[in-house]
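*Asks:* One gets our numbering by counting positions in the sequence shown from 1 and adding 308 to each.
Yeah, the Cβ is synthetic: ideal placement off N, Cα and C, and Gly gets one too.
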Amino acid sequence: MSTTRARTSTPALAFDEVLSDDGTRLRAWTNDPDGVIDGPTVVLCNGLGTNAYAWPALLDPRCGVRVVSWNHRGVGGSERPRDRSHCRIEDVVDDGLSVMDHFGIDRAVLMGWSMGVNTMFELALRHPERVSGLFAVAGVPGDTFATMLAPLRVPRPLARLLTVNAARAAKHAGCLLSPVASRLPVGPLTIAALSHSGFMLPVRDPEMAALAVREFLSTPLDWYFHLALRTSEHARVSLRHLTVPVTFVAGTYDLLAGARDMASAAARVPGATYHELPGTHFLSLEHPDEVHRLLLELLERVA
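(1) Measuring straight from C-alpha to C-alpha, what distance separates G482 and H595?
(2) Which stretch, first to last residue, makes up the alpha helix (DSSP H) that contains E398?
(3) Count the C-beta pairs between the stretch 414-423 and the stretch 435-446 that are closer than 8 Å, then say yes if the count reaches three, no if not.
(4) Use the C-beta contact count for H549: other C-beta atoms within 10 angstroms, 16 or more gives buried, fewer gives exposed.
(5) Exposed or buried, G424, counting other C-beta atoms within 10 Å across all chains shown (16 or more means buried)?
(6) Tell me whether T551 is buried or exposed, calling it buried when 16 or more other Cβ atoms sit within 10 Å of its Cβ.
(7) Taking contact to mean 3 or more Cβ pairs, one atom from each stretch, closer than 8 Å, check whether the stretch 369-382 and the stretch 348-355 are in contact.
(8) Identify, in the order they occur along the chain, each residue of the same chain with its Cβ nearer than 6 Å to the Cβ of C395, setting aside the five sequence neighbours on each side.
(9) When you compare the CB positions of E584 and A558, do they come within less than 9 Å of one another, or not?
(10) Apart from the five residues just before and just after D402, which ones in its own chain have a Cβ nearer than 8 Å to its Cβ?
(11) Can you tell me where the alpha helix (DSSP H) holding T551 begins and where it ends?
(12) Out of L591, A454, I397, point me to the one whose CA is closest to S503's CA.
(13) So, using beta-carbon positions, are R388 and T332 closer together than 9 Å?
(14) Using the three-state DSSP reduction, which class does L352 fall into: helix, strand or coil?
(15) Do you know whose CA, among A467, L356, I345, G579, lies nearest H589's CA?
(16) Taking the alpha helix (DSSP H) that R599 falls in, what are its first and last residues?
(17) Under three-state DSSP, which class holds M516?
(18) Starting from S440 and walking both ways along the beta strand (DSSP E), at which residues does that stretch end?
(19) Please classify N359 as buried or exposed, where buried requires at least 16 neighbouring CB atoms within 10 angstroms.
(20) Quick one, are the C-beta atoms of A567 and V554 less than 9 Å apart?
(21) Quick one: residues in its chain with C-beta nearer than 6 Å to the C-beta of M309, no 5 flanking neighbours on either side, listed in chain order?
(22) Going by beta carbon distance, what residues of the same chain come within less than 7 Å of T316, once the five residues before and after it are set aside?
(23) Is the distance from the Cβ of F443 to the Cβ of L602 below 9 Å?
(24) With 16 as the cutoff for other CB atoms within 10 Å, does S490 come out buried or exposed?
(25) If I measure Cβ to Cβ from L564 and keep anything under 6 Å in the same chain, skipping five residues before and after, which residues do I get?
(26) With a threshold of 16 other CB atoms inside 10 Å of the CB of T560, please say whether the residue is buried or exposed.
(27) Helix or strand or just coil, what does DSSP make of R476?
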């Protein structure tokens, strides 16, 4: 397995090449390029098509947590699979295991955001011996599209119908939209506009948020919505066999993963804790310190 290593200027990251089980080459990353972070290792199952810059608290060298993660197939330097159908949550789980093996991680706390929550619960179901704790941010353990639009009080079956069809339409329009989206000037003014749209609320670090959005828009939109449609097929995961500490962190105004459904999932897990913050789907940008504090509390429970 070959390895390449590079580093961003701000913040410091290290990137490695990892080969998944089906031969897809992934771009993995860590927030500890020099191996100096004195703290536990957390495997981040990131939001679909997102990147490290969505987590400013984890990119602070003083965060006390070593993070290992990877970019999804066809995103941020990761290769598209030879078979385009190999983009299901089950395939993402295989990628996560390959990344853990590559970094020599036998067992760890998994941290998920958005569709990454699906990934970590599916991984915990299939390979419980690899998981010591679960930290779910703005995501549910399966059937995510049915939980969307929750603040608008849309019934689950209708929400799923509307959002899946919207993703199909966006996939077909992606070839036309991508050249425009990739050239959008994303800066503080763009973030300010997003922060007052209701889709996102004001963020703690506008420059980091702009970096996260610019990186996200580098992925062709038709491919992003192809990934979204494949992950929309993921059904709810059974939670009854979970025995590790679990924390759920929901956003009250989240349009992409309903807080009500996250609270329901937490109620089905013995000993799980549930926290609801006055934010949207982008809690890691809006409330980075609070989310990080809750992560550290879970890590203390695991320890």
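*Replies:* Let me spell this out:
(1) So the two alpha carbons sit approximately 31 Å from each other.
(2) Where E398 is concerned, the enclosing alpha helix (DSSP H) stretches over 397-410.
(3) Verdict: yes, contact present.
(4) Residue environment for H549: exposed (fewer than 16 other C-beta atoms within 10 angstroms of its C-beta).
(5) Classification of G424: buried, given that the 10 Å Cβ count is 16 or more.
(6) Per the 10 Å Cβ criterion, exposed.
(7) Contact between the stretch 369-382 and the stretch 348-355 is established, with three or more Cβ pairs separated by less than 8 Å.
(8) Excluding residues within five positions, the ones whose Cβ falls inside 6 Å are R381, L535, R538.
(9) A contact, by the Cβ cut-off of 9 Å.
(10) Cβ within range, chain order: S328, D329, D330.
(11) No alpha helix (DSSP H) holds T551; DSSP gives it neither H nor E.
(12) Nearest option by C-alpha distance: L591.
(13) For R388 and T332, yes; Cβs fall inside 9 Å.
(14) Here L352 sits in strand by DSSP.
(15) When each option's Cα is compared against that of H589, the closest is L356.
(16) In the sequence as displayed, the identity of residue 599 is Val instead of Arg. 596-610 is the span of the alpha helix (DSSP H), which, as asked, contains V599.
(17) M516 falls in the helix class under three-state DSSP.
(18) From DSSP, the beta strand (DSSP E) with S440 extends over 439-445.
(19) N359 comes out buried.
(20) No, the pair does not count as a contact, with Cβ atoms beyond the cut-off.
(21) The predicted position of M309 is uncertain, since its pLDDT is 33 and thus under 50; no value can be drawn from it.
(22) In this predicted model, T316 has a pLDDT of only 38, less than 50, meaning its place in the structure is not dependable; the value taken from the coordinates is given anyway. Hits under 7 Å: none found.
(23) A distance below 9 Å separates the beta carbons of F443 and L602.
(24) Result: exposed.
(25) So the list reads M456, H589, once near-sequence residues are dropped.
(26) Classification of T560: exposed, given that the 10 Å Cβ count is below 16.
(27) Residue state, collapsed to three classes: helix.
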